[in-house]
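This report refers to the structure that appears directly beneath it.
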Amino acid sequence: MEKTSLLLVEDTQAIAVQVYDFLAEQGFVVDYAATGKAGLAMAMTDTYDVVVLDLMLPDISGIEVCKKIKGNCDPAPPVLMLTARDSLQDKSEGFHAGADDYLTKPFELVELLLRCKALSKRRQLHRSSEVTIGELRVNTKTQQIYRAGQEVTLSARDFSLLMLLVEAYPNAVSRQQMISKIWGDQQPDSDVLRSHIYTLRQNLDKPFNQPMLKTIHGVGFRLDAGE
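Quick note: the sequence shown uses this note's numbering, first residue 1, plus one each step.
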């Protein structure tokens, strides 16, 4: 089962460690940034299911980070704003910047967990059930795959790998991203990922004239629509 990926942007180390450890224990794949610029760079590079964003950061404000995430990331992840500011004006500013939820400090870790799960689930529900990339068509609800009108059958794990590539398209997905999202902390050796990439290629590309699954040397893998 694919893990929920979360980006935590928080400059208070004690809070960051507490939140990171708790969410990781709950099965989330957590990345961490201590500054707004670092968090924004990570959000622009990787695809996250949820972003937990502190309002008060040492370099640029969480408001500005939220605006840039919502304006530049495609797809834009849901953002949960963390802050000690609890006035209606502060909350209004956060929501106006694009925040999807707001949690004031101090907070209970279990409440944070429930809100992150709700945001992730909502994001899944709002996604289109059918995605088309070139001659590839994927129904995410039925997990049916067609290429050039011909049905493609994949194992559950190969389907999860394909979905990572579909969601990241046209960008590449690194090997480490694949391992973290699919296997989480139970990381396999490199041969396991290589084996799944091989079987994915056998089913997705071998029966057709042009390969869609491309290796980007030194980076990872991406889908090529061949257009």
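A virtual CB, placed ideally from N, CA and C, is assigned to each residue, including glycine. Remember, it's a predicted structure, so these values are computed and weren't measured experimentally.
- A straight-line Cα-Cα distance of about 17 Å links Pro211 and Ser195.
- If the five residues before and after Ile179 are omitted, its C-beta is found closer than 8 Å to the C-beta atoms of Gln187, Pro188, Leu193, all from its own chain and listed in chain order.
- Assigned with DSSP and collapsed to three states, Val219 falls in coil, not helix or strand.
- In the DSSP assignment, Gln150 falls within the unbroken beta strand (DSSP E) covering 150–152.
- Between Pro77 and Val52, the C-beta spacing is not below 8 Å.
- Setting aside the 5 residues that flank it on each side, Asp59 is surrounded in the same chain by Thr35, Gly36, Lys37, each with a C-beta closer than 6 Å to its C-beta; the list follows chain order.
- In the displayed model, Asn203 falls within a helix according to three-state DSSP.
- Residue pairing by DSSP places Glu130 opposite Asn139 in a beta bridge.
- Collapsing the DSSP output to three states places Ala14 in a helix.
- Cβ neighbours of Ala33 within its own chain (closer than 6 Å, five residues either side excluded): Val9, Gly39, Met42.
- Put simply, the backbone Cα of Ala99 is about 27 Å away from that of Lys141.
- DSSP places Gln26 outside both helix and strand once states are collapsed to three, so it counts as coil.
- Proximity to Ile216 across Ile197, Tyr169, Ser174 peaks at Ser174, based on C-alpha coordinates.
- Using a Cβ distance threshold of 8 Å, Leu119 and Gly94 do not count as a contacting pair.
- Partner residues in the beta bridge of Asp54, as assigned by DSSP, are Leu82.
- In summary, Met81 is buried, with 16 or more beta-carbon neighbours lying within 10 Å of its beta-carbon over all protein chains present.
- Close CB contacts of Gln18 within its chain, under the 8 Å cut and outside five residues either way in sequence, are with Leu109 (chain order).
- Look at Gln177 here: in three-state DSSP terms it is helix.
- By the criterion of a C-beta distance shorter than 6 Å, Ala225 is surrounded in its chain by Ile133, Gly134, once the five residues flanking it on both sides are discounted.
- In the structure shown, the three-state DSSP call for Ala97 is coil.
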